[in-house]
Amino acid sequence: MKIALDAMGGDHAPREIVRGAWNLCRETGQKVILVGDQEIINKELELLESCQGLEVAHAPEVISMDEAPATAVRRKKNASIVIAAELVRSGEASALVSAGSTGATMAAALLRLGRIKGIDRPAIASVLPVEQGTTVLLDVGANVDCKPKNLLQFAIMGSLYAHKILGLPTPKVGLINIGEESSKGNELTLGAYPLLSNSGLNFYGNIEGRDVFHGSVDVAVCDGFVGNVVLKTGEGLAAALMNMIKKELQQSGLARLGAVLSLPALKNLKRRLDYSEYGGAPLLGVNGVAIVCHGSSKEHAIKNALIRAKESVDTGLINAISASLVGQAREVDIANEC
């Protein structure tokens, strides 16, 4: 199995991207196709020891963050993310990973791979560190306006991801809302609640924003607008809390002594809150494995994103989602709901 990696995407491309692939190749023998400007990539590889599992696919163009994604993907047919998606479509690679423009990655995946039958809109799923383990949050930005049936589809995909990748036997699914009562919410959540209740999923019910980080559920479902706000708020709060703890521990000699004693615990906490430990967010719903990485990803994050991609392929995630939707369609006529 080979994974197509957009070597030109991200704030630290291509060096950190190439080194992330190189680290995984050296440790596990995983084969990776580095997609991008061949001359530039080869210069980076010359700085490293040889690794037989790496190969280069030349792509002379790059889609920048400020370009309109869909237009750029159609116009720049030799862009690194477009070539990477094409490698998956043709079967030369089994998955794609990119830290470049999220919009361009989505557009390339949709145009080259298409959607899984039964999915109207793909969703980006982010794994959040919470009080009790982790929680899969989706959507986190792919769809700012949704219909109730979209949230049902997100729940199905998120539940399967939590089962296949995180190893949870019966993931608990929650619907993010402004209250726990089934009668609360806007038109979207009021319409989604009965669909989720009758879906056959392990539906917990409505959850409030605070419940996400307590780990009340394994999968938290919402539209992309709410999900992106939750994700970015969580990232900002985690960073702010770590900075506040650091400042407080420098206030006195006794506090500094306490800091030394608690250093192992603080390092573990920092590691749990570090997005690079989770690699990247899967774009669920496209007919192929696609992992979207943080734009500032460095080699450790890229290596972990490649591992997530391999796990998704090895566990048959795409086929599982497709099969589950077929089963759902037999029980509920999703297309006629709301």
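According to our numbering, the residues represented by the sequence shown are 1095 to 1432, in order.
We put the beta carbon where it would ideally sit given N, CA and C, even for glycine.
8 angstroms CB neighbourhood of residue i in its chain, flanking five on each side removed
i: V1167; result: I1157, A1173, I1175, V1176, A1198, A1201, A1202, L1205
Proximal residues to residue i (C-beta, below 6 angstroms), its chain only, five neighbours per side dropped
i: I1428; result: Unreliable positioning characterises I1428 in this predicted model, as indicated by a pLDDT of 43, which lies under 50. The coordinate reading is nonetheless provided below. Closer than 6 angstroms at the Cβ level, and outside the excluded window around I1428, lie K1243.
i: F1319; result: V1238
i: L1099; result: A1115, V1126, L1128, V1191
i: L1411; result: K1258
Close Cβ partners of residue i (< 7 angstroms) along its chain, the five nearest in sequence each way excluded
i: T1228; result: V1221, L1222, L1260
i: N1136; result: V1150
i: C1432; result: Since pLDDT at C1432 reaches only 45, below the 50 mark, its modelled position is unreliable, and no value is offered.
i: K1170; result: E1155, I1157, V1176
i: G1309; result: V1224, E1225, Q1226, G1227, T1229
Proximity to residue i [Cα-Cα], best of the options
i: N1292; options: Q1247, I1270, N1322, K1171; result: Q1247
i: V1324; options: V1230, G1212, G1114, S1188; result: V1230
i: D1160; options: G1104, S1310, E1140; result: G1104
i: E1138; options: V1313, K1125, H1106; result: H1106
i: T1264; options: S1277, L1289, G1294; result: G1294
i: A1162; options: D1131, L1148, L1141, T1196; result: T1196
i: K1361; options: K1404, I1339, G1208; result: I1339
i: S1277; options: G1123, A1178, C1316, G1299; result: G1299
i: G1373; options: Q1345, S1346, R1402, I1097; result: R1402
i: G1235; options: M1102, N1322, L1357; result: N1322
i: E1329; options: F1307, F1297, L1269; result: F1307
Buried versus exposed call for residue i [16 or more other C-beta atoms within 10 Å across all chains shown]
i: K1397; result: buried
i: N1430; result: The pLDDT assigned to N1430 is 45, lower than 50, so where the model puts this residue is not dependable, and the model offers no usable value.
i: I1272; result: exposed
i: E1180; result: buried
i: A1375; result: buried
i: L1335; result: exposed
i: K1341; result: exposed
i: H1388; result: buried
i: L1232; result: buried
i: N1381; result: buried
i: G1123; result: exposed
Those residues which DSSP pairs with residue i across a bridge
i: P1263; result: Answer is none; P1263 lacks a bridge partner.
i: T1229; result: L1222
i: E1155; result: A1173
i: D1100; result: V1129
query = Counting Cβ pairs, one atom from each stretch, are 3 or more of them under 8 angstroms apart for the stretch 1249-1258 and the stretch 1271-1284?
reply = In this structure the stretch 1249-1258 does not lie against the stretch 1271-1284, because fewer than three pairs of beta carbons, one per stretch, are closer than 8 angstroms.
Contact between the stretch 1301-1311 and the stretch 1347-1357 (3+ Cβ pairs under 8 angstroms) = Short answer: they don't touch.
Sufficient close CB pairs (3 or more, under 8 angstroms) joining the stretch 1097-1112 to the stretch 1387-1404 = Taking 8 angstroms as the limit for Cβ pairs, the verdict is that the stretch 1387-1404 does touch the stretch 1097-1112.
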